[in-house]
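*Asks:*
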Amino acid sequence: MATHDQFNEALRKARMAEAAHLDALHNVRDARGLRLAALRENILPHIKGHPLAEGFSELSLQQGDMPRLWIDLISSVVVEPDTRTYRLVQDTDGNRVILNETQDPEEMSKAVLRYIAHRVIAREKAAAGESPRPGDSQSRYRLGELVYVWFTGAALGVLSMLIVAILLGLITF
Numbered sequence: 082m083a084t085h086d087q088f089n090e091a092l093r094k095a096r097m098a099e100a101a102h103l104d105a106l107h108n109v110r111d112a113r114g115l116r117l118a119a120l121r122e123n124i125l126p127h128i129k130g131h132p133l134a135e136g137f138s139e140l141s142l143q144q145g146d147m148p149r150l151w152i153d154l155i156s157s158v159v160v161e162p163d164t165r166t167y168r169l170v171q172d173t174d175g176n177r178v179i180l181n182e183t184q185d186p187e188e189m190s191k192a193v194l195r196y197i198a199h200r201v202i203a204r205e206k207a208a209a210g211e212s213p214r215p216g217d218s219q220s221r222y223r224l225g226e227l228v229y230v231w232f233t234g235a236a237l238g239v240l241s242m243l244i245v246a247i248l249l250g251l252i253t254f
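In this text, residue positions in the sequence shown follow the numbering used here: the first is 82, and each later residue adds one.
1. By a C-beta neighbour count over all protein chains shown, 10 Å radius and 16 as the cutoff for buried, is V230 buried or exposed?
2. Measuring alpha carbon to alpha carbon, tell me which residue in A134, L115 and G225 is nearest H199.
3. Can you tell which of L237, E161, I244 and S190 has its C-alpha closest to the C-alpha of I152?
4. Let me know the secondary structure DSSP gives D172 once reduced to three states.
5. Could you tell me how far apart the beta carbons of Y196 and L154 are, in whole angstroms, since I believe they sit closer than 8 Å?
6. Let me check one thing: in DSSP terms, what residues is V193 bridge-paired to?
7. Excluding five sequence neighbours on each side, which residues of the same chain lie with their C-beta closer than 8 Å to the C-beta of K94?
8. Is the Cβ of P132 closer than 8 Å to any Cβ of chain D?
9. Measure the CB-CB distance between A112 and T183 and report whether it falls below 8 Å.
10. Below 8 Å between beta carbons: does that hold for N176 and A192?
11. Would V159 pass as a contact of L120 if the rule is Cβ separation under 8 Å?
Take a look at the structure:
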């Protein structure tokens with residue numbers, strides 16, 4: 082019976098260690114969320130009411146396992162790898178690009194404001210219909226690719242109609 086007592090004691094210690102670990106994770110998540118909320122409150126007065134920035138950036142705070150301050154659809158601020166470092170990141174095409182990293186909230190506020198300003202200018206240029214500069218990502222299709230896609234679509238359409246006709250009994254073998 083002494084063996085069971087030792088195992089029960091080991092189980093109790095393991096559960097206590099797991100509980101302490103979960104408490105620490107919860108505290109880290111809360112610290113990150115609070116830092117991002119403070120950053121949001123620091124940025125909001127600078128863009129609130131500005132006609133060009135309003136409607137572009139809501140600065141929404143997402144809680145969860147990895148709290149995040151969303152700037153726009155592809156960019157956000159996270160607090161990682163520790164609870165003091167802010168990262169302005171942009172997620173595009175499965176890639177994450179770190180645009181700025183600092184431990185200073187004022188510096189990160191300025192970086193976010195610069196980022197929003199650049200995005201507003203890019204939006205204005207797109208609305209004005211300016212042609213993209215070399216190196217900007219705008220794809221052009223070759224004639225061979227377009228013909229291939231058209232024939233593939235047509236073949237799939239004919240095949241789909243044939244299957245439907247067989248299922249409806251309009252064609253029998």
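Here a beta-carbon is modelled for each residue, glycine too, at the ideal position from N, C-alpha and C.
*Replies:* On the basis of the data shown:
1. exposed
2. A134
3. S190
4. strand
5. That pair is no contact at about 13 Å.
6. Beta-bridge pairing links V193 to no other residue.
7. none
8. The structure shown contains no chain D, having only a single protein chain.
9. no
10. no
11. no
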